[in-house]
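Novice: The structure is given below, and queries will be raised subsequently.
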Amino acid sequence: MIVLAERPQGDITSSCFAQTSKPVPVPNAGQVVVRNLWLSFDPAQRGWINDVASYIPPVAIGEPMRAYGVGQVVESKSAKFAEGQLVAGVLNWQQFALLHDSDDELIAVPDDVPDPRLMLSLLGTTGLTAYFGITEVARVVAGDAVLVTAAAGATGSVAGQVARATGASIVVGTAGSDAKRDWAVNVAGFDACVDHYEPNVRRALQAEAPEGGFSVVYDNVGGKLLDRAIMNTAVHGRIALCGAISTGYRPERPSEGLFAYQLLTTRRIRMEGFLLFDFAHLFERARRQLTDWFAEGVIKIEHDQLDGLEKAPEGLRRLFGGGNLGKQILQVAEPL
Ligand code: NAP
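Structure representation (structure tokens):
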């Protein structure tokens, strides 16, 4: 298992985590032992190792790093989960997880899911967040012109495709490499994808926006890029604030303020932040819709997979360095 050894001061370094071993757990009544197969990497994990109370307590020093994952039940003392069953939940950076069947986040992988890794991407936190951000927060309707930042990432790529599926007529992204921009346009079906490292991003976005600007912005990045997006948002536009990865979620680095905020008033723009957990009561419906869209080829998913638990710190670092295309995951073991 990989435990948190020390809290990062700035970037995540090799001294932040340490590998240790522990015997395979033994379940009591109501518990299952899960053999971890794949782990998910999420920018929120960087926040979970800060010594800051948030919507969830921080990971304690010496505890296994918290992470979503998919695994296989290898021993069950629960009537809800059978041995051999694939499950998704908070499995952490370890080979085996001991979970209680009353844990709300522990769910069986439905039989109609064609690839269990989708439980971490399309049907996991990132895909669900994209779905609710587009349908419930930005409330995209037919004819909208939508801008999505970090468009070749796990959340952004689904947000753009959900926007298209719900009737957006223009879907534009931003991404940090040629390979990502090609993928966003040629695989995920964005109309265009702008290089956010471009010196004049405001103008580059304007060139792809319809007359008057984008009616919807789905923002994963924050900071300067959000400012440039606001400058290209139309009168009565809606901005869904999904995340601010440009901050690195580092407590010692203050977030950059918005320069263009006065445009929110003059253009009567609605800007709203949201957290996925606000929509927990709608997860089942969303998973059904996303599964159907995937089966119909309406949504394409890319898994960027590392192999071997020892690479987990690298997986987390890749999100902040732009190393991932699509959903960053890691394979811990092959299914039995
Ligand atoms: P991701 O987009 O798959 O990966 C992160 C990407 O962000 C990187 O590949 C990189 O792409 C881009 N990036 C990193 N640092 C950047 C910077 N300084 N400036 C501009 N772009 C940068 O990650 P994800 O898991 O899907 O998360 C995306 C966002 O959604 C994050 O902000 C996350 O916190 C948020 N989120 C929010 C919720 C919620 O409930 N509100 C839930 C899940 C995720 P480029 O190469 O294109 O730069």
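Take -9 as the starting number for the sequence shown in the numbering used here and just add one per residue.
C-beta: ideal position from N, C-alpha, C; glycine also.
Just so you know, these numbers come straight off a predicted model, no measurement behind them.
Just checking C232 against the ligand NAP - is the residue's beta carbon closer than 8 Å to any of the ligand's heavy atoms?
Specialist: Yes, the Cβ of C232 comes within 8 Å of a heavy atom of the ligand NAP.
Novice: Sort out for me which residues DSSP pairs P54 with in a bridge.
Specialist: DSSP, once it has assigned bridges, lists V(-7) as partnering P54.
Novice: Rounded C-beta distance between A178 and Q196? I'm assuming under 8 Å.
Specialist: Not confirmed; about 22 Å, so no contact.
Novice: Assess contact between the segment 12 to 21 and the segment 298 to 313, defined as three or more Cβ pairs (one per stretch) separated by less than 8 Å. Is contact present?
Specialist: As far as the Cβ criterion goes, the segment 12 to 21 does not touch the segment 298 to 313, which means the pair count is below three.
Novice: To which residues of the same chain is N18 closer than 7 Å at the C-beta, ignoring the five residues directly before and after it?
Specialist: Closer than 7 Å at Cβ, skipping near neighbours: K67.
Novice: Could you round the C-beta distance between A199 and A135 to whole angstroms and report it? I think they count as a contact, below 8 Å.
Specialist: Their Cβ separation, rounded to whole angstroms, is 7 Å, which keeps A199 and A135 in contact under 8 Å.
Novice: Using C-beta distances below 7 Å, list every residue in its chain close to G305, excluding the 5 sequence neighbours before and after it, in chain order.
Specialist: Cβ within range, chain order: F31, L296, Q318 and L320.
Novice: Secondary structure at I235, three-state DSSP: helix, strand or coil?
Specialist: I235 falls in the helix class under three-state DSSP.
Novice: I need the boundaries of the alpha helix (DSSP H) containing W83, first residue and last residue.
Specialist: Neither: W83 is in no alpha helix (DSSP H) and is coded neither H nor E.
Novice: Taking 6 Å as the limit between beta carbons, can you name the residues of its chain near F122, skipping five residues before and five after?
Specialist: So the qualifying residues of the chain are F269.
Novice: Which residue wins for smallest C-alpha separation from G79, given the options M109, V161, R257 and C6?
Specialist: Residue M109 is the option with its Cα nearest to G79.
Novice: Can you find the residues in the same chain that come closer than 7 Å, C-beta to C-beta, to S359, ignoring five residues on each side of it along the sequence?
Specialist: Lying outside -9 to 326, the shown extent of the chain, residue 359 is not represented and no answer is given.
Novice: Report buried or exposed for A165, applying the criterion of at least 16 other Cβ atoms within 10 angstroms of its Cβ.
Specialist: With 16 or more Cβ atoms within 10 Å of its Cβ, A165 is classed as buried.
Novice: Taking just the CA atoms, how far does G59 sit from L112?
Specialist: Taking the straight line joining both Cα atoms gives about 13 Å.
Novice: Would DSSP call F264 helix, strand or coil?
Specialist: Correct three-state label for F264: coil.
Novice: Have a look at D1 and Q35 and give me their C-alpha separation to the nearest angstrom.
Specialist: Approximately 13 Å, taken between the alpha carbons.
Novice: Quick check: does the Cβ of T115 come within less than 8 Å of any heavy atom belonging to the ligand NAP?
Specialist: For the ligand NAP, at least one heavy atom lies less than 8 Å from the Cβ of T115.
Novice: I'd like to confirm the pairing. Which residues does DSSP put opposite H90 in its beta bridges?
Specialist: Answer is Q21, bridged to H90.
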